[in-house]
Every structure is written in structure tokens, then in C-alpha cells.
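There are 2 protein chains.
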Amino acid sequence: MEPVFQFPLALPERGQGNLAQELHQQLRSAILDGRLAAGSALPATRQAAAALGIARNTVVSAYDLLIAEGYVVPRQGAKAVVADVAARRDRRGPKPLSAGPEDTRLNPMWRTPFLRPEAPRQLPERCFRLGIPDHRHFPHDIWRRLSAQSLRTWSKTRFSYPPSEGIAELREAIAQHVAFARAVACVADDVIVTSGAQQAFDLLARLLVTPGQTRVAVEEPGYPPVRAAFAAAGARLAPMPVDEEGLCVDALPDDVRVISVTPSHQSPTGVALSMRRRRALLDFARQRNAIVIEDDYDGEFRFGGRPLDALQTLDRDGLVFYVGTFSKSLFPSLRKGFIVAPAWARDALISVKHCADSHSDTITQSVLAAFIRDGHLARHVRRMRAIYQERREALMEGLRGPLAPWLQPIPCEAGLHMAAHIRDPELAPAIFARLQRHVPGAQSIAEYAMTTSERPGITFGYGVIDADEIRIALRRFAASLAELGAR
Amino acid sequence: MEPVFQFPLALPERGQGNLAQELHQQLRSAILDGRLAAGSALPATRQAAAALGIARNTVVSAYDLLIAEGYVVPRQGAKAVVADVAARRDRRGPKPLSAGPEDTRLNPMWRTPFLRPEAPRQLPERCFRLGIPDHRHFPHDIWRRLSAQSLRTWSKTRFSYPPSEGIAELREAIAQHVAFARAVACVADDVIVTSGAQQAFDLLARLLVTPGQTRVAVEEPGYPPVRAAFAAAGARLAPMPVDEEGLCVDALPDDVRVISVTPSHQSPTGVALSMRRRRALLDFARQRNAIVIEDDYDGEFRFGGRPLDALQTLDRDGLVFYVGTFSKSLFPSLRKGFIVAPAWARDALISVKHCADSHSDTITQSVLAAFIRDGHLARHVRRMRAIYQERREALMEGLRGPLAPWLQPIPCEAGLHMAAHIRDPELAPAIFARLQRHVPGAQSIAEYAMTTSERPGITFGYGVIDADEIRIALRRFAASLAELGAR
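Structure follows, in C-alpha cells:
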């Protein structure tokens, strides 16, 4: 679209459609979106007609319509000018900007939104923030090549509404991947592709929670967006303590019907659910007719000895829904996750997905399927595991070395972050006051808690910071704490 | 991964990680996903060690673990064999395959899923199915080029969780597009990107419906997935009749608080909501503190005289949520739609989106933003409008010519389908019996209705069928009806 006069117009070829109508609409759009500013003069009709190569009558009738609609103001003996549409636009929002708790037009659930999108913090590129993997080591060239291939194949395929549960190639690839990487026993039919892990939790919450009735156990501290998904579905939340063996299964109230847990790498403390607790949790679920949601958000990155079996692998009774994501193993904006669901619930779950958004976008699904199928995911995870391991060791050195007087690392064997308790709770405020300056992006464990946490602690992400930078930052942090003394 | 012996293995380089553990996991995965079939013999440990170039002890300890776990069965004096894991897998589903209405583990809403993903019909590539645009005229080369560009830019950007409301470039592009194409008055801030129109309805239903309380008016007949989204949110549905002026506004019950409507091109009858009704609808909403959801799913394709203003354009009081989609103007598997929301509800709406799936995938968002920004969407819509117009005329000729004794076309000025009433309801069963053979993909209007519809009718899509094919099909259909006689 090239500018004609002061305004951008692209009239159709002669003989195609109604020119007056087209001109009217394009002018109106330009006025509405501000390309034609209020008060600016339109060219005279004769002048416009000549420049556009159309009949003057055509321009006259387009102008007349605009005047009738109030978009253009005629002036006696002078060129017509653009009306002040912004004033009209402002009248659209007579209500206060946020609906507010008293606005009965909204579902009470959302009148005071309990989950606010995280405000983007001003963090340096290299920092200790949680849950973001490193883009510098991603095989962008491979992804680009597979994208081009997928797009070429797709250009030969007729358009359609693809299956809600995901395209067959991706479900197949995911089934093989989780069998391989996590010993999760499943076939393609068990897999439902979701728009990230968050959609998985949201769909499961809607499926499994009877509003106002179902009691759902969540880890405390735990990942807030998962809690929000259950709360939004009307669950009665039961926050469960977490200790060095993970979720305290003994504390589960008898009437809990859904238990959401991060067994590989508790979010945020990083502990693994012990084998004893895993068995106890499955026993509990079996006896109470309850369901377990296994959130394995970064379990691909394991550094310790032989990993514990996934709950899904141990389950023989269709009690476990396994939720995985590619946000940590690949990248978050891919927005692809999945549920491995027991057979009895699959049809209903696909219905929820169908109702929520029909299906996930398929071009990205195809690229991801090819990426997994050709072994790139496995290779990338193996390569990143070595890189993250080095960072993890640097972090551990700092925590056990210079920071040892103040911090006590919490044992963990997997994932992209590690946590530590503050030894002397009385020093916590002073330590947190120095945190962002020296260890930007690190978070207080309390940010993950619904209630006040007993022991203050800090989580350190190592997804986007190099080992050397970790060493330097932790040494400086320790130096800044030296003035506090230690316990 | 290349096959070694009978099974696929890719062991890491020497010195990286624990080889026994790696071997154990890879074998277990191969057993779980069926690459190693039940009953097949594992190679002897000595043989395996030699072939893989690793110590025999490594193989022995991997085999021992598999035996302890029951994945492999040792045999006295013979090679160990793979256990029958399928039998174990089957034990996972002791419950019936579908949960069934009595399964208290599910939210009652989903025990009998009311929205089933449409079973893929066996339809020829060229057919009269509704709502699918034509892939043959899509500028795949441009899309591919913009994808490659977006991926190159993205490869230089650090990974992050993008904004829930959509990336800025796309919101900006959409705002300009709807101002231009539909005279919808909005700026980028008013736009929320969704995963298709279905997610827009789902988010709005969750935001605006207080479960068990809010009464929602839907068109009858109307688009079933929209109805399902409101029902799933716990709405009390009020099906409203549709006549030649569209939704019968006079029939709206006083206690309706949300009205979902397709004013440009009613789904499925195709009629446009008259200007009189538009004003009456906005008056109703203003007086009752109700909200209007304007579903403009294929309003870009307009063929008639001057189009009626969108409800959003007429609204001065923040009553209208405008829902658009690229499923018809571009392609359905893109899975991108949007809401133009009044300012008072925007924050809450973004919270619902954040809870539902955090955000939509960003690579596709970038490509779409570039596609709109560079004018390709406007050009594509203009090109397709001419193509669809020809098909529409062929359809109209058939309905007014050979099919006139049996069918009466319903006037419509927009979209990708047209509908006709059956003149003599008594002939309807015989006509439907002949429909799929001659006009495959055409649907009974009754498929869109909650209740029995008064006048039987047929919808004809022309998104994926050429004008010539339409002419031939309709002539043959008419010939097959000739034996029925006419009214």
C-alpha cells in the first residue's frame, strides 16, 4: 500500500467491486486507526479523482458517506477535514479501567484476578532467574531447516481442522521420547498435546474438579500458576508441606481427591520425592479413589545417580496423569506440552481440550515432531545436561564455600535451579536486601508459598548464566554478607 | 540412533555419565515402547559388551536391573528374554475405557462429554463442507519466507515467557487490520491474541459467566462449539430464534446477561443482522447491563452492497467484545484469533488467558504479524473474495435455477457458505437422503440446532470447491430430486 496524497490507499483494479465503497472504507479505516489525523484536510474531490484515476462522482459519494457517518466534517468553501474520532473512542470506556470486585458482569472468580501475569522484571541477560533455558546453545539452524521442510510438506496439504488431541506424528514422537527419557510407559494413544504445561493443568483442573467441592492438594511452597489453574476451576486447595523427602504424604487429608506434585524436582525447593513417599502416595490415591498429577517440568535434566522411577511408571491402576513440557528442554515460547493420561479419562480430556481451543497450532507441532523423531531433542538434552551440570557445580561450590556461613543448600538431583535455606532466619531480611544486587533473578522461596513459610530460603536458576559468572556473583554476594556476621 | 543387534541403542561417548545406567534406560525404553518385542532374546552379555565396545560388567549390571524390575526374564542356560510388558500396560486401565456418567472422579460437567470432536468424515477433497478455506490459493511461498525471517530474528533473541495478551507487533497489526477491514475502532492495547476464536469464546465464557447463574443467549440454530464453551462455563443457555433479519432481539428474556451473536453472517443460516436489530441489541444490552459477544468469523468476505457496521463500531458504551479469527481468512491450523475487548474488562481477561495457557506460541505470532504488516493479508483476502464470489454465484445460479422447485436460498452477503430452506418439509427426508451423494459435505441446518428446527434447510460451503464443480454437482442433485416431484 503506497501513500496517495497524505493518506495510504490501495484501490482495487478497475471493474473489481464498488470503487466508491472501497474508497469510503479505506478512508474510514485510516481515520479510525489514526493514519489520518483529526483536523487534517482531505484533498478536494476533483484533485483526489485525478490522482487516483477515478471518476469525481466516486470520490464525492465516498466523502458524502464519511460526512454522514461523522468521520469527516465539511467546511463551507474549504476542504473537508477529518473529525476527532479519538474523542469518540474515549467514550467507549465510561466504566473504570479495571472491572473491580463489585462488577456483577464478571464471574466473581475473576473480579479480583488472583493470577496476575508476572510483571517483566528488569533483569540482565545473564542472571539467576528460574525456569528459562539458554538460547545460546539451541540448534536454531536445525529448527529452521525442519520448519522449512514442514512448511513445504504442509503447502501440499489441504487445509483442515486437525485433531484436538494433537497430530499423530507428534503424539508418536512424544510417546517414544518419554519412554526413552523418563521410562514412562505409554503409546501414542495415551498422549494429548497441550499448549504448554499450563494448559495441561488447566484442562485437568476443569476435568477433575467439581467446583466448590473437590479438594486438591498442592505443594507448599509450590508453583503458583498450577495453584491458580485449580483455584480457577473452583477447587478447595489444601497446601501440603514439603520436606527433604518432598511432599509430606502423611499429611494428606482423607478427603483430598486430586494431588498435584513435582516428584523429580520439587518446585521451588528442588528436592526429589523419595521412593518411600512415591509408594505411599500411590497407595493413598488407590485407597481414596484419588488422582495424582505428576508435573515433570524439568526432569530431563538429571545429574545424580540412578533416577527414581516416575510415578506414572510405578502406577498400575490408572491413577496418574503425567504432565510434560518442552519449555525447559527446548524453549518456553514454543508453547508445547503434553499429558500422558490413563485410558479411562482420555475421551473426556480430549473433549475439554476441544472446548478450550479446538487444537494446538499444527505447523509447530510438525516441526517439533520432526525434531524429536530425528533425535535432536535427545541430543540437545544430553548436550545441555553437561552445560547445566557445570553451572550447577559452580553454584554448589559457592553455596558450600563462601556462602556456607549463611546458606544451607537443599539437596537436589535434577532441573534448572537449586535452592538453599537461610541458616539464621533473623538475617533473612538483610540477606534478601542484598540479593537482587549481587544475584539478580534469584527469588525468595516465600514467593512460591500461599502461607508464610517456616524457613526462609532462596532459589537460584542456572538456565541463563555461565559457570564463571555464577562463581563471581556468589563470591561478591558472600563478601556483601560478611558484614552481617554469621550464625 | 542406529540399530545394534536387534535393538536401537545410542550410548554416550566414553567417560560421559554412567554407561550401565544409560544402557539400562535405553533397553527399558525400547521394551516399553515395543521396539524390543516381548519374548525376543537379549544378546549374551559378552557378545553385547564386545559389540558396544564396553566392559562386560557394565552390561551385566544393566541386565540385572532390568531383571530386578521385571522387564527382562532370565532363563537357566539360555539368553534372557524380554518380558511381556504389554500385559503390564493393560493393567493400567482396569476402569472402563470411558469414564462414564457415574465416575465421581470427574467434574459432572464432563462425565458425559457434550462436545465431541467432530469425527473426520470421509469427504472428497473438493466438497461443500463448511468453514474451510482453499489451500490452493494461499501464498505459501510468502509465508515460508516470512517464517524463515522470523526464525532468524528469533535465533538472536534470548528465550523468555512472552506476554499473555500477545506480542506487541501482532496486536498492532491486528488493530490496524480490523480498523481497515471491518471499521472496528481499536488500538493495539484493546487486542488480546487467542488460540483461535474457540479460545476467545472459552475465555469470555469463563470471565463473564457465573456458573449456574448467568443466562447466555445463543442463536438457534447456532455454532455448536460456541454453545459448548458457554455450557462448560456453567451458563444457563437461552436459545434465540433467527429470522431473515438475524437474531430475534425482541425475544431476548430480560434476565439475559450475555448475548453471543454472528451479525455479519449468521452461522449457519448466513443472514446478516439488520441495522434495526443491531441498534435494538445494543439498546437492550445498555438497559439490562448485558454484554454482547460479536462473532465475526468470516466477515472479511463480503459480496453485497455497503456492509453494515460492526456492532463494535456502533457501540459507544463498552458493551461489545469483538471476536475475530484467521481460520477462514488464512487457514484453520494457524490457530490464531483475537478479542477486541472494552477497557474495563481487559485486565481480567488477560488473567484468564494467563491461567488458561500462559500465552500463545510466539513464532507463529511473529510470522502472522509480518504477514499482516506487509499487506499480504489484505491482498490475500481481496484475491480470495473474487474467487469465492464466483463460486457463490455458481451456487446461487443452481439454487435459483435447477434446484428452485425444492430449495429457497436464504439471502446472505458474506462468508464462505450459503444456506437454503427446503420448500416442502415433507420432502426433507428424501432430499437429505440424496444430499451426501451429490453434494458431499453440505449439512442440514438442524445439525446446528439445540432443539428441532421449524424449517428444514441445508448449508453449502464453497471454501474448497470450484465454481464449475458446484454447477455440475447442483445439476446432478436437482436431477436426482426430479423423481420426488416438487411443491
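Line by line, the protein sequences give chains F and Z.
Using my numbering, the first residue of the first sequence is number 1, and each one after it goes up by one.
Using my numbering, the first residue of the second sequence is number 1001, and each one after it goes up by one.
Built from N, CA and C at the ideal position, the CB exists for glycine as well.
Chain B beta carbons: is any one of them nearer than 9 Å to that of residue i?
| i | result |
| --- | --- |
| L377/F | Here the protein chains are F and Z, and chain B is not one of them. |
Measuring only between beta-carbons, confirm whether residue i sits less than 9 Å from chain Z.
| i | result |
| --- | --- |
| E393/F | no |
| P225/F | yes |
| S329/F | no |
| N57/F | no |
| W154/F | yes |
| K95/F | Its pLDDT being 43, under 50, K95/F is placed unreliably by the model, and the measurement read from it follows with that caveat. Yes, K95/F counts as interfacial toward chain Z. |
| Y448/F | no |
| F159/F | yes |
| D103/F | yes |
| L32/F | yes |
| L65/F | yes |
Does DSSP put residue i in a helix, a strand or coil?
| i | result |
| --- | --- |
| L308/F | coil |
| L252/F | coil |
| Y297/F | coil |
| S260/F | strand |
| S329/F | coil |
| D1243/Z | strand |
| R105/F | coil |
| P74/F | strand |
| P429/F | helix |
| I1339/Z | strand |
| G324/F | strand |
| T1459/Z | strand |
| R1236/Z | strand |
| H421/F | strand |
| K353/F | helix |
| S195/F | coil |
| P1224/Z | helix |
| I167/F | coil |
| L407/F | strand |
| V464/F | coil |
Counting only beta-carbon atoms, is residue i nearer than 9 Å to chain F?
| i | result |
| --- | --- |
| H1417/Z | no |
| A1479/Z | no |
| I1372/Z | no |
| T1459/Z | no |
| E1125/Z | yes |
| H1140/Z | yes |
| M1109/Z | yes |
| Q1321/Z | Reading the sequence as shown, one finds Phe at residue 1321/Z and not Gln. Output row for F1321/Z: interface = no. |
| I1132/Z | yes |
| D1361/Z | yes |
| L1106/Z | yes |
| R1092/Z | Because the pLDDT of R1092/Z is 42, which lies under 50, any placement of that residue in the model is unreliable, and the number read from its coordinates should be weighed accordingly. Yes, R1092/Z lies at the interface with chain F (some Cβ there is under 9 Å from its Cβ). |
Would you call residue i buried or exposed, if buried means 16 or more other Cβ atoms sit within 10 Å of its Cβ?
| i | result |
| --- | --- |
| P163/F | buried |
| A1370/Z | buried |
| P224/F | buried |
| E1300/Z | buried |
| P133/F | buried |
| P1253/Z | exposed |
| H137/F | exposed |
| D468/F | exposed |
| G275/F | Going by the sequence as given, residue 275/F is Met instead of Gly. Answer is exposed; the Cβ neighbour count stays below 16. |
Assuming residue i and residue j make a contact with CB atoms under 8 Å, what is their CB distance in whole Å?
| i | j | result |
| --- | --- | --- |
| S1150/Z | V1367/Z | 5 Å |
| R1346/Z | L1319/Z | Not quite, the Cβ-Cβ distance comes to about 14 Å (not below 8 Å), so this is no contact. |
| A1360/Z | R335/F | According to the sequence as given, residue 1360/Z is Ser; it is not Ala. Going by Cβ atoms, the distance from S1360/Z to R335/F rounds to 7 Å, so yes, they are a contact pair. |
| A356/F | D1202/Z | 5 Å |
| A197/F | T325/F | 4 Å |
Is any heavy atom of the ligand MN found at a distance shorter than 8 Å from the C-beta of residue i?
| i | result |
| --- | --- |
| A231/F | Ligands are entirely absent from the displayed structure, and the ligand MN is therefore not among its contents. |
(request) With 8 Å as the limit, tell me which residues of the segment 1194-1222 of chain Z have their beta carbon closer than that to any beta carbon of chain F; keep them in chain order. (result) T1194, S1195, G1196, Q1198, Q1199, D1202, R1206, L1207, L1208, V1209, T1210, P1211, T1214
(request) Could you run through the segment 180-195 of chain F and flag, in chain order, every residue whose CB is less than 7 Å away from some CB of chain Z? (result) F180, A183, A185, S195
(message) Please list, in chain order, the residues of the segment 247-273 of chain F that have any C-beta partner in chain Z closer than 8 Å.
(response) R257
(message) Which residues of the segment 280-303 of chain F have a Cβ closer than 9 Å to any Cβ of chain Z? Give them in chain order.
(response) Flagged, chain order: N289, A290, I291.
(request) Could you name the residues of the segment 1325-1356 of chain Z whose beta carbon sits closer than 7 Å to any beta carbon of chain F, in the order they occur along the chain? (result) F1331, P1332, S1333, L1334, R1335, P1342, A1343, W1344, A1345, D1347, A1348, I1350, S1351, V1352, H1354, C1355, A1356
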